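Residue numbers (our numbering), protein chains in the order written: chain A, 87 to 286; chain B, 87 to 286.
Don't be surprised by glycine CBs; every beta carbon is placed ideally from N, CA and C.
Being a predicted model, the structure only gives us computed values, none of them experimental.
2 protein chains.
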Amino acid sequence: MAMKLPPALQQLIDAFQILPSVGPKSAQRMALYLLEKDRLGAERLSHSLQQAMNKLDHCKSCRNYAESDLCPICSDAERSTESLCVVESPSDVLALEQGVDFKGQYFVLYGHLSPIDGIGPAELGLADLKRKVEQLSIREVIVATNPTVEGEATAQFIMDMLLEDVVVSRIAHGIPMGGELDLVDGGTLNHALTGRRVMS
Amino acid sequence: MAMKLPPALQQLIDAFQILPSVGPKSAQRMALYLLEKDRLGAERLSHSLQQAMNKLDHCKSCRNYAESDLCPICSDAERSTESLCVVESPSDVLALEQGVDFKGQYFVLYGHLSPIDGIGPAELGLADLKRKVEQLSIREVIVATNPTVEGEATAQFIMDMLLEDVVVSRIAHGIPMGGELDLVDGGTLNHALTGRRVMS
Numbered sequence: 087m088a089m090k091l092p093p094a095l096q097q098l099i100d101a102f103q104i105l106p107s108v109g110p111k112s113a114q115r116m117a118l119y120l121l122e123k124d125r126l127g128a129e130r131l132s133h134s135l136q137q138a139m140n141k142l143d144h145c146k147s148c149r150n151y152a153e154s155d156l157c158p159i160c161s162d163a164e165r166s167t168e169s170l171c172v173v174e175s176p177s178d179v180l181a182l183e184q185g186v187d188f189k190g191q192y193f194v195l196y197g198h199l200s201p202i203d204g205i206g207p208a209e210l211g212l213a214d215l216k217r218k219v220e221q222l223s224i225r226e227v228i229v230a231t232n233p234t235v236e237g238e239a240t241a242q243f244i245m246d247m248l249l250e251d252v253v254v255s256r257i258a259h260g261i262p263m264g265g266e267l268d269l270v271d272g273g274t275l276n277h278a279l280t281g282r283r284v285m286s
Numbered sequence: 087m088a089m090k091l092p093p094a095l096q097q098l099i100d101a102f103q104i105l106p107s108v109g110p111k112s113a114q115r116m117a118l119y120l121l122e123k124d125r126l127g128a129e130r131l132s133h134s135l136q137q138a139m140n141k142l143d144h145c146k147s148c149r150n151y152a153e154s155d156l157c158p159i160c161s162d163a164e165r166s167t168e169s170l171c172v173v174e175s176p177s178d179v180l181a182l183e184q185g186v187d188f189k190g191q192y193f194v195l196y197g198h199l200s201p202i203d204g205i206g207p208a209e210l211g212l213a214d215l216k217r218k219v220e221q222l223s224i225r226e227v228i229v230a231t232n233p234t235v236e237g238e239a240t241a242q243f244i245m246d247m248l249l250e251d252v253v254v255s256r257i258a259h260g261i262p263m264g265g266e267l268d269l270v271d272g273g274t275l276n277h278a279l280t281g282r283r284v285m286s
C-alpha cells in the first residue's frame, strides 16, 4: 500500500534498496535508525561514499582498487614476485589475504570469459596480465577463478596464453575442510577423487 | 587479520557497519558492490543521506519525521480528528499505515518511560500530546505502546494523564492471527484469556 512519507525519507529508503540483499523493510529500518540514533554516522557514511567513489580507481598493475596508481599490495616491496594469483573479483583478494598467508602478487579479472555477455579477453585485461607476468618475471601463475563452467573456461584460456612463459597452476577443488562427504555434490566429489594425492 | 586496504575503501567498509545488522562481511560486500556495479547508485545514496539528515525534523504536531512544520499525515485535512494513536516509534506508524485502515491522528513518543535511562514524561513529549488532544478535540486516544513492562507503564501513565478529557483505550494483546496456541508464551495467553470477548 502506498503511503505518503516525507520525500527526503522516501528517497533515503529507496536509495538503501540499491544495496545487495537490502529489501524495503531493511531499508526502512536503516533509514529510521540513522535518523533516530546516529545522524553523525549518516554524515560519515555519506562522506565515505563520496570519497570512495571519487578516489578509488583500478590499480595499474593488478586492477584491484587503489587510491593512487598502485594498490597497497602492488606497492608493497616486501611481497614476493615469485608467484601471482589470478582471481575473479576484489572480494576474492580480500578472502585470500584474510585467510591464507600467500605473499605474492594478484591480478583481478572482474569476471570471467562470457562471450554471450560480450566479455572477452580484452574486458578481463588479459593482455595486462601477460605484461605483468613478463615484467615481474613471475615464475608461477595460480589461477583461482571460481569452479564454474565459465571460471574453468577462463582458467583454461589463461593457461593456454601463459604456458610458454611460466608454470600455470589451478587451485585445488575438493571436499571443504570440516565438510562431510555425503553432503558434497557429485561434481565436487569427482574433483576430489581425480585430484587425490599420495599420502606420505 | 588486519590487511592493508586503500584508506577510502576501508573507511567505506567501516562506515557501512554503523547500520543495524550489518557486520564486516556485509559491509565489505556492500562497498565492493557499489564500486563495481553501481557508482551512480552510491552517489544517489550519499546525496539522499545528506538530504534526509538536513531536511528531516520532527513534525510539530505528532513528532514523526517531517520536512516542514507538519508531516504528510498531520497536514492531511481528510484525516479524522476523532481518534489518535500513540506509538513508541516512527516505524510503528509505518506498520499501522501499511497494515490497517486507521485514518486518525498519531503521536510518536520515541521510546517509553524509563527513569533509569533518564527518560521521563518530558522526553516523551507528553505535554505536547495532552495539548494536541485538547486542540483537536480528540475523542479517543488509542495507546499502542509495545506490550513490554515499560510500554505498559507508559500506557498507564498516559491513561492517568488523559482520562479526564477523553476515552483512552489500549490495543488488544492476544494470539497473533495464524499463530498457534501451543506456541504462544504464557503472558500472551493470559492476555488473550482476560481480553476474551463474547461471540455474537
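- Using a Cβ-Cβ cut-off of 8 Å, Leu142 (chain B) counts as an interface residue toward chain A, since at least one Cβ of chain A sits closer than that to its own.
- One thing to note: Gly190 (chain B) has its Cβ within 8 Å of the Cβ of Ser166 (chain B).
- In the three-state DSSP reduction, Ala152 (chain A) falls in the strand class (E or B).
- At a beta-carbon threshold of 7 Å, the residues of chain A lying near Tyr151 (chain B) are Pro92, Leu95, Leu121, ordered along the chain.
- Positions of the beta strand (DSSP E) runs, each at least 3 residues long and wholly inside the segment 238-273 of chain B, are given as 253-256 in order along the chain.
- DSSP places Phe102 (chain A) within a helical segment (H, G or I) once states are collapsed to three.
- Residues of chain B with a Cβ closer than 7 Å to the Cβ of Ala163 (chain A) do not exist; the shortest Cβ-Cβ separation is about 13 Å.
- Contact annotation: Val254 (chain A) and Val229 (chain A) have beta-carbon atoms nearer than 8 Å.
- Cβ contact annotation for Val219 (chain A) (same chain, cutoff 7 Å, sequence separation greater than five): Leu170, Val227, Leu248, Asp251, Val252, in chain order.
- The beta carbon of Pro106 (chain B) falls within 8 Å of a beta carbon belonging to chain A, placing the residue at that interface.
- If you check the CB distance, Glu129 (chain B) and Leu142 (chain B) do not come in under 8 Å.
- In summary, Glu174 (chain B) is buried, with 16 or more beta-carbon neighbours lying within 10 Å of its beta-carbon over all protein chains present.
- From the listed residues B:Glu164, B:Glu183, B:Glu236, the smallest Cα separation to Ile202 (chain B) is found for B:Glu236.
- Contact between Arg256 (chain A) and Ala241 (chain A) is confirmed by a C-beta separation of about 6 Å, below the 8 Å threshold.
- Here Ser134 (chain B) carries a helix assignment [DSSP, helix/strand/coil].
- Not a single CB atom of chain A sits nearer than 8 Å to the CB of Gly190 (chain B).
- The straight-line gap separating the alpha-carbon atoms of Asp268 (chain A) and Gly281 (chain B) is approximately 52 Å.
- For Glu168 (chain A), no chain B residue has a C-beta closer than 9 Å to its own C-beta; the minimum C-beta separation is roughly 20 Å.
- For the 8 Å CB-CB criterion, Phe102 (chain B) and Leu131 (chain A) form a contact.
- Between Ser200 (chain A) and Pro176 (chain B), the alpha-carbon positions lie close to 47 Å from each other.
- The CB of Leu118 (chain B) comes closer than 7 Å to the CB of Pro176, Ser177 in chain A, given here in chain order.
- Below the 7 Å Cβ cutoff, chain A contributes Gln97, Leu98, Ala101 as neighbours of Ser134 (chain B), in chain order.
- The beta-carbon of Pro158 (chain A) is placed less than 8 Å from the nearest beta-carbon of chain B.
- From the listed residues B:Leu222, B:Leu91, B:Glu183, the smallest Cα separation to Pro158 (chain B) is found for B:Glu183.
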